[in-house]
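One structure is given here, and the rest of the page talks about it.
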Amino acid sequence: MRQQAMRDLGQLGESVFQKWAAEMGLIVNYSKIDKAGWDFLVEFPCTETHSAAESAPAPIECKIQIKATDTLNKNIKIKISNLLRLAKSPIPTFIILISFDGGNEAQEARLAHFDENLISRIMKRVREIDQSPEQNRFNRRTITLPFGEDQGLPSLDGLTLAAMISKYIPSGLEEYVKRKQEILTRVGYEGISMEGSFSTSNEVGVEGLINASLGLAESVEITNLIGHDCRFGIRERHPSLNWEMARLSFPEVEPNLVGSIEFKVEDREPPITTECRIFNSPLNRHLPDKYKKLRISGKFFDLWIKPHSGEANFTFSLEGKHFTIQMMRKATMTLGMLAVAKKVFLKIESNDLPELDFSITPNSINPSWRLLEDLGNACYNLAAFFDIDLTSPIEFDQLVNDSKELSRIHNMINTPAELTAIEFSLSEEIRDGLEKCCCQFFVWCRIGDFFAGAVFSYSGVLLGIPGNRFRLAPKKLEFMERILTKSCQGFDEGVVARALSRADDKYEKAGFTVIQIHS
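For the sequence shown, my numbering assigns the number 769 to the initial residue and increments by one for each residue that follows.
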């Protein structure tokens, strides 16, 4: 019985650990100060590498606390002050629980690593105590840590212990330290990180506040700002901010919902429908109805509406933007509609909002933008004519720059042959009154990323007119060949020449006099 009374369980646990460390050549530095929170600072030997010494990875270092027990209970109470030191240490930290079961030989050992979950648990408890009205007294309070079966050492030796420690530091000590410092900075702030209060002076301030929350304004002036740090959802008692004047902004405002918007004019069918994104300010839940506002944004427009009053404001932007050919048509059709309409009715639908119906009175759109609708239609129709995918990209500025050629070819395709007049002069002798004459053109235009061209053959009667000129009175238009190429490549002159030659041969064989006109 005397021998059992003299037994020092703590010293016994430390001796077993030191034996395991010696088996692997680990350097063990003993903490002589009990308040340090750890028993040993352990350094692994340098690993052999072919790299230069200065670029070789740093050897593993870690802090370890030893807990020895004689019981089968695997739940250990540990002082919060010690746990906090281990949690906040930048290097890896561990607790080893060694069970002796009443004897002098270790029967079982388990290793607890201070990972993100354990660090979060410790720091949350510290926050709860620190922000309570009671004295913290962390050196007298404890947290119970469970040691699970999955933390057990399969073999009680130094090789197994070193392997288990190393598996928690797979990318080396430098990366581990970076990761742990990031955890210590971030943990507990995943949700709300600041709680506070402020004032706005008048209705203009309230309007500015909701505009900023919708991304319609960069910031808004506020007064009497008081802010409290909030970690793990627990507010710090003393404010970290206390300012008489400040500006409040809402960085990276994102839409809450997606839906569709319909533009409609009474005397025009069908309506134009396109996708939209909806910004629903979180402040709407706390404001009187007269202030509530939604923002609806699309590929080419931005508008806000006050649902309870019907007040709305519409802006648009096309310059410098890229669309699909299909979306470009919708955009230009909508602006064409707004350019001439006195009132436009809008309907917004989303799965998460009641249907909204309201109207706007366009007053900031230049009436000349009505011509954009014709241009968008021309581009769309020509893409279909040349079999270009309507989801192909096109830039608005490029569309405007190419508008003359697009409109010209679109008109050629859609104007009946008998309404077309083709006049030209010839350097060679040719009689007029030819009943079978054919004029051929190769015309092309740019549509998004493509050059599209075709051979147009007009056939009819050739007539002489004053000034040594001729006029073809066409009876028929035939599209002979269509050529499509990427705009970055351009047209191959040989391909175009062969297409014209084949068209020439076809009509000459049919007894036509063929005149090729270079446009």
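The beta carbon of each residue, even a glycine, is placed where N, CA and C say it ideally should be.
Anyone know if the C-beta pair for residue i and residue j falls short of 9 Å?
{"i": "I1002", "j": "K892", "result": "yes"}
{"i": "F966", "j": "L1016", "result": "yes"}
{"i": "S1341", "j": "V1108", "result": "Because the chain here runs from 769 to 1287, residue 1341 falls outside it and cannot be looked at."}
{"i": "D1157", "j": "A1151", "result": "yes"}
{"i": "S1160", "j": "G1216", "result": "yes"}
{"i": "V1264", "j": "G1221", "result": "yes"}
{"i": "I828", "j": "E811", "result": "yes"}
{"i": "G926", "j": "M792", "result": "yes"}
{"i": "F1082", "j": "F1068", "result": "no"}
{"i": "F1280", "j": "C1205", "result": "yes"}
{"i": "C998", "j": "I951", "result": "no"}
{"i": "M1105", "j": "I1040", "result": "yes"}
{"i": "I994", "j": "G964", "result": "yes"}
{"i": "I1116", "j": "G1027", "result": "yes"}
{"i": "Y944", "j": "I859", "result": "yes"}
{"i": "T991", "j": "S969", "result": "yes"}
{"i": "N1149", "j": "I1181", "result": "yes"}
{"i": "I911", "j": "I866", "result": "no"}
Once DSSP output is grouped into helix, strand and coil, what is the label at residue i?
{"i": "I951", "result": "helix"}
{"i": "Y957", "result": "coil"}
{"i": "R775", "result": "coil"}
{"i": "A1278", "result": "coil"}
{"i": "E1087", "result": "coil"}
{"i": "D838", "result": "coil"}
{"i": "K1061", "result": "coil"}
{"i": "Q1257", "result": "coil"}
{"i": "E796", "result": "A small fix is needed here, since residue 796 is Val in this sequence, not Glu. Strand at V796."}
{"i": "R1053", "result": "helix"}
{"i": "E829", "result": "strand"}
{"i": "G1262", "result": "helix"}
{"i": "W788", "result": "helix"}
{"i": "R1270", "result": "helix"}
{"i": "S934", "result": "helix"}
{"i": "D1165", "result": "helix"}
{"i": "A1080", "result": "strand"}
{"i": "M769", "result": "Residue confidence is low: M769 scores 39 on pLDDT, short of 50, so the model does not pin down where it sits. No coordinate-derived value is stated."}
{"i": "S1160", "result": "coil"}
{"i": "S939", "result": "coil"}
{"i": "L984", "result": "coil"}
{"i": "E1186", "result": "helix"}
{"i": "E1020", "result": "coil"}
Would you kindly report the start and end of the unbroken alpha helix (DSSP H) that includes residue i?
{"i": "V1211", "result": "Careful: V1211 lies outside any alpha helix (DSSP H), inside the beta strand (DSSP E) at 1202-1215."}
{"i": "F1153", "result": "1138-1153"}
{"i": "T1102", "result": "1093-1108"}
{"i": "K1172", "result": "1171-1182"}
{"i": "L1114", "result": "No alpha helix (DSSP H) contains L1114, which is instead part of the beta strand (DSSP E) from 1112-1118."}
{"i": "K856", "result": "848-856"}
{"i": "V974", "result": "971-981"}
State buried or exposed for residue i, treating a residue as buried only when at least 16 other CB atoms are found within 10 Å of its CB.
{"i": "T861", "result": "buried"}
{"i": "F1047", "result": "buried"}
{"i": "K835", "result": "buried"}
{"i": "R770", "result": "Residue placement at R770 cannot be trusted, given a pLDDT of 42 that sits under 50; what the coordinates show is reported in the next sentence. With fewer than 16 Cβ atoms within 10 Å of its Cβ, R770 is classed as exposed."}
{"i": "Y957", "result": "exposed"}
{"i": "G870", "result": "exposed"}
{"i": "F1210", "result": "buried"}
{"i": "K1060", "result": "buried"}
{"i": "A1278", "result": "exposed"}
{"i": "F785", "result": "buried"}
{"i": "N907", "result": "exposed"}
{"i": "L1187", "result": "exposed"}
{"i": "S1136", "result": "exposed"}
{"i": "T1100", "result": "buried"}
{"i": "I1285", "result": "exposed"}
{"i": "G781", "result": "buried"}
{"i": "F1031", "result": "buried"}
{"i": "A826", "result": "exposed"}
Could you pull the start and end residues of the beta strand (DSSP E) that residue i belongs to?
{"i": "S1193", "result": "1190-1193"}
{"i": "E1123", "result": "1121-1128"}
{"i": "A1014", "result": "1009-1016"}
{"i": "M1248", "result": "1237-1254"}
{"i": "G1232", "result": "1218-1233"}
{"i": "R999", "result": "988-999"}
{"i": "N1048", "result": "1040-1048"}
{"i": "S967", "result": "962-967"}
{"i": "D1070", "result": "1069-1074"}
{"i": "F862", "result": "861-867"}
{"i": "I1198", "result": "Per DSSP, I1198 belongs to no beta strand (DSSP E) and is neither H nor E."}
* **Those runs of the beta strand (DSSP E) which lie wholly inside the stretch 875-930 and span at least 3 residues** => 876-881, 910-914
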